[in-house]
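Enquirer: Using the UniProt record's numbering, you'd call the opening residue of the sequence shown number 1 and step up by one each time.
All residues carry an ideal CB built from backbone N, CA and C; glycine is no exception.
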Amino acid sequence: MPQTTRDPASLPRMRRAPLDVLLVEDNPADVLYTHVMFEEVDPDLHLHVVGNGEEALAFLRREGVYGCAPRPALVLLDLNLPRMDGLEVLAHVRADEALRELFVVALISSPAEVEMWAARQTGASDFLPKPVDPAAVRRLLTGGEPSWLEEQPGERLGAVG
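(1) Under 8 Å, with one C-beta from each stretch per pair, do the segment 52-59 and the segment 82-99 reach the 3-pair mark?
(2) Report yes if the C-beta distance between L22 and H35 is below 8 Å; otherwise report no.
(3) Which runs of the alpha helix (DSSP H) spanning at least 4 residues fall entirely within the UniProt domain "Response regulatory" (20-145), listed in chain order?
(4) Counting Cβ pairs, one atom from each stretch, are 3 or more of them under 8 Å apart for the segment 61-71 and the segment 107-120?
(5) By the 10 Å Cβ neighbour count, where 16 or more other Cβ atoms means buried, how is E132 classified, buried or exposed?
(6) What is the rounded straight-line gap between the Cα of L140 and the Cα of G64?
(7) What do you get for A95, buried or exposed, if any count of 16 or more other CB atoms within 10 angstroms of its CB means buried?
(8) Mind reading off the beta-carbon distance from D78 to D26? Whole number of angstroms is fine, and I expect it under 8 Å.
(9) Taking C-beta to C-beta, are L45 and P18 nearer than 8 Å?
(10) What is the rounded straight-line gap between the Cα of A124 and the Cα of V49?
(11) Rounded to whole angstroms, what is the Cα-Cα separation between D30 and A98?
(12) For P41 and A136, I'd like the C-alpha separation in whole angstroms.
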């Protein structure tokens, strides 16, 4: 599946309003860590959090209680979610004409190459290991190369940045 060409790195420099980021994560400790980390990276970022795949799609499609939700410039998507896993959410996003250009970063729990491969094949714009490293977020927001370009075949994913 072709990858999106949208570069979130240009958004912080051009934006007049704070940048909206959607975190799709069901683990409260990871949510708290990500909130703290984003405060360190850029206190002007607005982090929106949903806890499962169904809520993520409702937020992105502005359905129900998310009718006034902003369109995020960046989606951080955990792959292991209740109700609908991250790969299924990603497949729905890439199949939806209104959403397919979103910059979606798959959050992976382990450095398993199969997880990275599945995320890429499903259309992830990039991937990051959990917990997310602040340097990796800075790299995303400043136009650094995608993680998958930094990886060599057979190399295990380590800290990105």
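Expert: Once the coordinates are examined:
(1) yes
(2) no
(3) 28-41, 53-61, 86-95, 113-122, 134-141
(4) no
(5) The question names Glu, but residue 132 in the sequence shown is Val. The residue is buried, with at least 16 neighbouring Cβ atoms inside 10 Å.
(6) 30 Å
(7) exposed
(8) 7 Å
(9) yes
(10) 19 Å
(11) 29 Å
(12) Before going further, note that residue 41 is Val rather than Pro in the sequence given. So the alpha carbons of these two residues sit roughly 10 Å apart.
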